[in-house]
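K.L.:
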Amino acid sequence: MAKQYWLFKSEPGTFSITDLEKAPDKTTCWDGVRNYQARNFLSKQVASGDHVFFYHSNTEPPAIVGIAQVAKAGYPDPSAFNPKSKYFDEKSDPEDPAWYSVDIKHVKTFKRPVTLSELRGNAKLKGMVLLQKGSRLSIQPVSEKEWKAIIDMLKQN
DNA sequence: GCCAACGTTGGC
DNA sequence: GCCAACGTTGGC
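For what it's worth, my numbering labels the leading residue of the first sequence as 355, then goes sequentially.
1) On the premise that Trp360 lies in contact with Gln494, defined as a C-beta separation below 8 Å, what is that separation, rounded to the nearest angstrom?
2) By the 10 Å Cβ neighbour count, where 16 or more other Cβ atoms means buried, how is Ala477 classified, buried or exposed?
3) Report yes if the CB atom of Leu479 is closer than 8 Å to the CB atom of Ala417, and no otherwise.
4) How about Ile421 and Val461: are their beta carbons less than 8 Å apart?
5) Between the C-alpha atoms of Gly481 and Ser411, what's the straight-line distance to the nearest angstrom?
6) Look at Tyr441 and Arg388 and say whether their C-beta atoms are less than 8 Å apart.
7) Classify Ser411 as helix, strand or coil using the three-state DSSP reduction.
8) Inspect the beta-carbon positions of Ser446 and Gly386 and report whether they are closer than 8 Å.
9) Taking just the CA atoms, how far does Asp506 sit from Glu449?
10) Below 8 Å between beta carbons: does that hold for Thr381 and Ala425?
11) State the beta-bridge partners of Val456 as determined by DSSP.
12) What are the boundary residues of the alpha helix (DSSP H) that includes Leu470?
13) Excluding the 5 residues preceding and the 5 following Pro366 in the sequence, name in chain order all residues of the same chain whose CB lies nearer than 7 Å to its CB.
14) Have a look at Ser497 and Gly428 and give me their C-alpha separation to the nearest angstrom.
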């Protein structure tokens with residue numbers, strides 16, 4: 355299986371990369387995804403060992419703040435079955451789960467985040483899903499070229 | 001806080 | 001199946 359790359363969005367007020375770093379074994383269940391396109395990535399494509407950019411949205415500045423790795427591939431999202439969870443979905447049947455989670459583990463937090471405006475300024479990233487107009491997908495595929503171009507931006511810091 | 005873009009819901 | 005209304009996302 356070829357290496358795959360992803361970008362996971364999170365609002366830092368809800369779950370930040372610092373939260374991930376502090377989590378037991380620096381690992382967390384990525385739950386609460388309630389969008390079908392993102393769900394399909396989680397259930398079918400995101401594989402153990404895949405590399406993940408951790409992105410902070412809805413904050414100033416929006417930025418890629420670090421890297422994580424997929425520790426466990428798609429499995430039914432437990433929060434959908436938990437009536438106490440804000441992500442509870444009574445329509446999700448444990449026999450035929452509607453929603454999926456993966457586990458991710460912290461790899462590194464950047465000393466300096468790569469901001470959205472810096473990403474926009476890199477011509478190599480023109481096609482990146484994140485930079486498309488109106489794009490709000492919370493689980494996004496990242497191409498190998500895009501991944502490498504962003505890693506190169508870190509080295510220039 | 002504003003608002004454009006997008007996704008979902010539900011009446012018909 | 002259409003589409004208006006509504007809710008959410010997320011940059012600014």
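The beta-carbon is built from N, C-alpha and C at its ideal position, and this holds for glycine as well.
P.N.:
Result, derived from the coordinates:
1) Stepping through the first sequence from its first residue, residue 494 is reached at position 140. Stepping through the first sequence from its first residue, residue 360 is reached at position 6. Yes, they are in contact, since the Cβ atoms of Gln494 and Trp360 sit about 7 Å apart, within 8 Å.
2) Reading the first sequence from its first residue, position 123 is the one you call residue 477. Exposed is the call here.
3) As a position in the first sequence, residue 479 is number 125, starting the count at 1. As a position in the first sequence, residue 417 is number 63, starting the count at 1. Not closer than 8 Å, so no.
4) In the first sequence, residue 421 corresponds to position 67, counting from 1. In the first sequence, residue 461 corresponds to position 107, counting from 1. Between Ile421 and Val461, the gap from beta carbon to beta carbon is short of 8 Å.
5) By 1-based counting over the first sequence, the position of residue 481 is 127. By 1-based counting over the first sequence, the position of residue 411 is 57. Going by the C-alpha atoms only, they are around 19 Å apart.
6) Stepping through the first sequence from its first residue, residue 441 is reached at position 87. Stepping through the first sequence from its first residue, residue 388 is reached at position 34. It is a contact, given that the beta carbons lie within the stated cut-off.
7) Your numbering for residue 411 matches position 57 in the first sequence. The answer is coil: DSSP assigns Ser411 none of H, G, I, E or B.
8) Indexing the first sequence from 1 puts residue 446 at position 92. Indexing the first sequence from 1 puts residue 386 at position 32. Contact: no.
9) Indexing the first sequence from 1 puts residue 449 at position 95. Indexing the first sequence from 1 puts residue 506 at position 152. So the two alpha carbons sit approximately 45 Å from each other.
10) Indexing the first sequence from 1 puts residue 381 at position 27. Indexing the first sequence from 1 puts residue 425 at position 71. The answer is yes: Cβ separation under 8 Å.
11) In the first sequence, residue 456 corresponds to position 102, counting from 1. In DSSP, Val456 forms a bridge with Trp384.
12) Reading the first sequence from its first residue, position 116 is the one you call residue 470. Its alpha helix (DSSP H) spans residues 470–474.
13) Numbered from 1 along the first sequence, position 12 holds the residue referred to as residue 366. The residues are His410, Thr413.
14) By one-based count along the first sequence, residue 497 stands at place 143. By one-based count along the first sequence, residue 428 stands at place 74. Going by the C-alpha atoms only, they are around 20 Å apart.
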